[in-house]
Amino acid sequence: MRLRALLDTDALGLKLLGGEDELDRTVRGVMTTDLRDPSRYLSGGELVLTGLAWRRDAADSEPFVRILAQAGVTAVAAGTAELGDVPDDLVVACARHRLPLFAVHESVAFATITEHVVRQVSGERAGDLAAVVDRHRRMMTSGPAGGGPDVVLDLLGSDLDLRAWVLSPTGRLIAGSKVAGTRGAGTALPADVCARLAAEQLAATRTGRRGPHRVALGQTTYSLFPVRSSGRGVPAVRDPRETVLSDWLLAVEADAGDWAEERLDLLHGVTQLIAVERDRRDAARTVRRRLAQEVLELVQTGAAPAEVAARLRVAAPVLLPNLGAAPHWQVVVARVDWDGGEVEGGPVAQALLEEILVDPAATGPEHSDRIAVAHAGDEAVALVPLPAVAGGHDDTGTGVAADVLLEAVRGPLTAGLDGDGRLTLGVSAAVHSAEGLRGALEEARHARRVAAARQGRVCAAGHQELASHVLLLPFVPDDVRRAFTARLLDPLRDYDRRHRAELIPTLEAFLDCDGSWTRCAARLHLHVNTLRYRVGRIEQLTSRDLSRLEDKLDFFLALRMS
164 MRLRALLDTD ALGLKLLGGE DELDRTVRGV MTTDLRDPSR YLSGGELVLT GLAWRRDAAD
224 SEPFVRILAQ AGVTAVAAGT AELGDVPDDL VVACARHRLP LFAVHESVAF ATITEHVVRQ
284 VSGERAGDLA AVVDRHRRMM TSGPAGGGPD VVLDLLGSDL DLRAWVLSPT GRLIAGSKVA
344 GTRGAGTALP ADVCARLAAE QLAATRTGRR GPHRVALGQT TYSLFPVRSS GRGVPAVRDP
404 RETVLSDWLL AVEADAGDWA EERLDLLHGV TQLIAVERDR RDAARTVRRR LAQEVLELVQ
464 TGAAPAEVAA RLRVAAPVLL PNLGAAPHWQ VVVARVDWDG GEVEGGPVAQ ALLEEILVDP
524 AATGPEHSDR IAVAHAGDEA VALVPLPAVA GGHDDTGTGV AADVLLEAVR GPLTAGLDGD
584 GRLTLGVSAA VHSAEGLRGA LEEARHARRV AAARQGRVCA AGHQELASHV LLLPFVPDDV
644 RRAFTARLLD PLRDYDRRHR AELIPTLEAF LDCDGSWTRC AARLHLHVNT LRYRVGRIEQ
704 LTSRDLSRLE DKLDFFLALR MS
């Protein structure tokens, strides 16, 4: 479609700010971004929608526009909700690079413009394929009765003879198409194939490779398309790592390298329609997240068990509809640490737990409705209710097991984290009362620290692995506690009193950061060399080695008992 056609549609709320002589340019697609450098996701011909969150001062506009122009972008449309008006420096930069610039009225959602462009581009380039996209859009926006992504994939099969599947970042099957004709009904992808495709997509996205990504498994080639959030109402993504561990993907059994541009545009449009289902799912999680946050705050602040129990009674019907109260609860704690620490880990871990705390054999997007996940700081905390089984007995044998959870997610997520980040998980035992929830939270946190002491990009530990130390602490005689802590910590305390060296706070921070020099130095606002000097002094005074798991564990226990 031509740029000038956008101005003829009043519902899009576009105002031309510059580039009147360039309105005959062709728009081949649309992209929403607030990245300072989105070039890795651009292929040319796009209308770029931006909320201007990348702009910190006037000097940022010139490099941003230059990157878009070099990538062959057709035009820019800037939202006015963030700054009120499109800044003059952006207008000047677009004029310098002959890049048409529109202002988007704050009442118009980027999703509205995206859907309009997708329909128009598909109509002009693919003829009757536009009808397919429009049918998909209507079904996706008609509510649960529309059938969700399964309907979209079935239409891909019936209208375009394409087999396709929507997968979670861990390779769980969310939806799959059925294809009529010579190949018969579609067959569910084997679990190992799903995991391999998810791993390939995570690795490609994290390293910034431009999609679609093609993967050959045996005699079959798959093309992988990311399914990202659509429109407004979702915080702008400034770094791919903010969503790489929670994005769905569309896997198509075909080699997209042989496709005409029209078909590629259509598939990108379909991913945007599937993203509507993902956004609907994320919106539905808001209530569960709020419940989890309230329970977590009560537990952490030492609220009375009766108050926590009352909040759990409110949460149970939401998490276990038509199943009554939950006789048991489990707690799972997760932490995602990216190298450099510039990406906040809590929200990433929260979204990830909502994806992975699902039976790997389950299909569909709604199976995590029973999970409530909050985040505090860099960690996420999940409340997992365990319903009663028939006959009134407690179903404590079907809860989350650390080894099973690890086995289900280790392969794909290692590919998504390799060389750049780390996921550690801790799982508590089941508890049957509000009084036990605080202990379960501490237990899960201790288990996660045990997992963090291990090698690997994805590690998990369960409550069974704590039985030899943490769970026995309350039963250690006081004189044994005092002797143990004095032997390890008194030399450090004495040194701190004489030199104000803050060795004890440094030790606590170092262990809490799982031995990461960069994260610990950033937390303490120290140079890494200063941190290394302090740790070296700790080791010298105690004759211990903080690179050894056993010595780390001894210090951890001493600090807990002191």
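Our numbering puts the first residue of the sequence shown at 164, with every later residue one more than the last. Each residue gets a CB set at the ideal place from its N, CA and C atoms; glycine is no exception. These numbers come from a predicted model, not from an experiment.
Candidates the options: closest to residue i by CA position
i	options	result
Gly176	Gly182, Leu186 and Ile276	Ile276
Leu568	Asp581, Leu515, Leu604 and His538	Leu515
Leu408	Leu365, Leu461, Leu323 and Ile701	Leu365
Asp410	Arg695, Pro510 and Arg441	Arg441
Leu352	Leu323, Tyr385, Ala597 and Ala258	Tyr385
Val315	Ala256, Gln283, Leu430 and Asp642	Leu430
Leu652	Asp641, Val613, His688 and Glu702	Glu702
Val390	Gly432, Thr464 and Ala438	Ala438
Asp428	Arg219, Arg282 and Leu722	Arg282
Glu517	Asp445, Val271 and Ala467	Asp445
Arg373	Gly381, Gly420, Ala327 and Leu330	Gly420
Ala466	Leu330, Ala607, Gly599 and Thr669	Gly599
Ala327	Val415, Ala721, Glu605 and Leu436	Val415
Ala646	Leu689, Leu722, Thr368 and Glu605	Leu722
DSSP three-state assignment for residue i, whether helix, strand or coil
i	result
Cys357	helix
Thr213	strand
Pro332	coil
His662	helix
Pro201	coil
Leu170	helix
Ala649	helix
Cys622	strand
Ile230	helix
Met724	helix
Trp126	Any answer about residue 126 is impossible in this case: the structure gives the chain only from 164 up to 725.
Val778	Because the chain in this structure spans residues 164 to 725, residue 778 falls outside the shown range and cannot be described.
Ala417	coil
Pro575	helix
Ile337	strand
Val450	helix
Gly242	strand
Pro375	coil
C-beta contact flag for residue i and residue j at 8 angstroms
i	j	result
Leu588	Val495	yes
Ala543	Gln513	yes
Asp313	Ala338	yes
Ala362	Ala578	yes
Gly207	Gly181	no
Gly582	Trp501	no
Ala603	Arg611	no
Leu586	Val547	no
Ser224	Ala258	no
Ala358	Gly574	yes
His491	Leu549	yes
Val280	Gly242	no
Val506	Arg404	yes
Arg443	Glu457	no
Phe673	Val691	no
Ala664	Arg620	no
Ala221	Asp197	no
Nonlocal neighbours in the same chain, by C-beta distance under 8 angstroms from residue i, ignoring five residues either side
i	result
Leu704	Pro654, Leu655, Tyr658 and Leu666
Thr693	Ala684
Arg199	Trp217, Asp223, Pro226, Phe227 and Arg401
Lys715	Ala616, Leu674, Gly678 and Leu709
Trp680	Val691, Leu694 and Arg695
Neighbourhood of residue i by C-beta distance below 6 angstroms, restricted to the same chain and skipping five residues each side
i	result
Leu186	Leu166 and Arg167
Gln493	Val547, Gly562, Val563, Ser591 and Ala593
Glu183	none
Asp173	none
Ala472	Ala597
Cys622	Thr587 and Ala614
Beta-carbon contacts of residue i that lie in its chain and below 7 angstroms, excluding the five residues immediately before and after
i	result
Gly732	No information on residue 732 is available, as it lies outside the stretch 164 to 725 that the chain covers here.
Ala232	His260 and Leu262
Thr237	Leu166, Arg188, Thr189, Val190, Gly208, Glu209 and Leu210
Val271	Leu175 and Gly176
Gly555	Any reading at Gly555 must be qualified, since the residue scores a pLDDT of 39, below 50, and its modelled position is unreliable; no value is offered.
Ala553	Low per-residue confidence applies at Ala553: pLDDT is 40, beneath 50, and the placement is therefore not dependable, though the value from the model is reported in the following sentence. If we look at Ala553 and ignore the five residues flanking it on each side, it has no Cβ neighbours.
Leu459	Ala537, Ala539 and Val544
Ala289	Note that Ala289 has pLDDT 47, beneath the 50 cutoff, so the model's placement of it is unreliable and the number below is only indicative. Excluding residues within five positions, the ones whose Cβ falls inside 7 angstroms are Glu425 and Leu429.
Nearest-angstrom beta carbon gap, residue j and residue i [assumed within contact, 8 angstroms]
i	j	result
Met194	Leu205	7 angstroms
Ala240	Phe265	4 angstroms
Leu413	Phe388	4 angstroms
Met724	Arg644	5 angstroms
Residue-level contact to chain D via CB, residue i, 8 angstroms cutoff
i	result
Gly207	The question asks about chain D, but that chain is absent: this structure has only one protein chain.
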